[in-house]
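Here's the structure we're looking at; comments come further down.
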Amino acid sequence: MGKTPNYFIVEASALPEVFLKVAEAKRLLETGEVDTVNLAARRVGISRSAFYKYKDAVQPFNDMLHGRIVTFQILLKDEPGGLSSVLRIFAQSGGNILTINQTIPVNGCAAVTIGAETSGLQTSLEELLEQVQSQQAVLRCEILAG
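In this text, residue positions in the sequence shown follow this note's numbering: the first is 21, and each later residue adds one.
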């Protein structure tokens, strides 16, 4: 039996440069800009052995959540059309909403939990969060699980 992996979310600027280069090499391969690991590693300035050492451990946050069910928690002002504006953003972005749970408003606010499948997103997860957060009725939007 293998050891259960531990994961951390770390701001990219705090990572050692080799991790960023591995992520870029993976992107080059996935987009077809290069067709071999050797070319990808050479283009970003790392060895093939460094690429293979870290390729399974380095994954951009958005890629980790792509194709998965992600749970969003949103705090909404209790005003007409608030939830509707949030749902419209999900629909326009290509997110497939699976569940919606809204609490009864207390002190003018309601908590909404949305479970969505993200494989059809046409924007990044970060852009989706920004668009939801920018709605007048939204006080807070965050990812609970993914």
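A virtual CB, placed ideally from N, CA and C, is assigned to each residue, including glycine.
Taking the continuous beta strand (DSSP E) assigned at residue i, which residues delimit it?
{"i": "Thr91", "result": "Ile89 to Lys97"}
{"i": "Ala131", "result": "Cys129 to Glu137"}
{"i": "Gln122", "result": "Asn116 to Gln122"}
Taking DSSP as the reference, what is the three-state secondary structure of residue i?
{"i": "Thr51", "result": "helix"}
{"i": "Glu37", "result": "helix"}
{"i": "Asn26", "result": "coil"}
{"i": "Val158", "result": "strand"}
{"i": "Val57", "result": "helix"}
{"i": "Val203", "result": "Outside the displayed span of the chain (21 to 166) sits residue 203, for which this structure offers no information."}
Below 8 Å between beta carbons: does that hold for residue i and residue j?
{"i": "Val90", "j": "Ile29", "result": "no"}
{"i": "Gln93", "j": "Ala131", "result": "yes"}
{"i": "Arg66", "j": "Lys41", "result": "It should be noted that the sequence gives Ile, not Arg, for residue 66. A contact, by the Cβ cut-off of 8 Å."}
{"i": "Ile109", "j": "Ala136", "result": "no"}
{"i": "Ala43", "j": "Pro100", "result": "no"}
{"i": "Phe39", "j": "Val64", "result": "no"}
{"i": "Leu141", "j": "Leu95", "result": "no"}
{"i": "Gly128", "j": "Lys97", "result": "yes"}
Just curious, the alpha helix (DSSP H) that residue i is in, first and last residue?
{"i": "Gly102", "result": "Gly102 to Ser113"}
{"i": "Glu31", "result": "Unbroken run through Glu31: none, as it is neither H nor E."}
{"i": "Ala70", "result": "Arg68 to Tyr74"}
{"i": "Leu148", "result": "Leu145 to Gln153"}
inquiry  = Any contact between the segment 144–151 and the segment 117–129? By contact I mean 3 or more CB pairs, one from each, below 8 Å.
reply    = The segment 144–151, when compared against the segment 117–129, does not touch it at the 8 Å Cβ threshold.
task = State whether the segment 51–67 contacts the segment 123–132, with contact taken as three or more CB pairs (one from each stretch) at a distance under 8 Å.
result = Cβ pair count under 8 Å is below three, so no.
task = Report yes or no: do three or more beta-carbon pairs, one from the segment 66–76 and one from the segment 104–111, lie closer than 8 Å?
result = Contact between the segment 66–76 and the segment 104–111 is absent: fewer than 3 CB-CB pairs across the two stretches fall below 8 Å.
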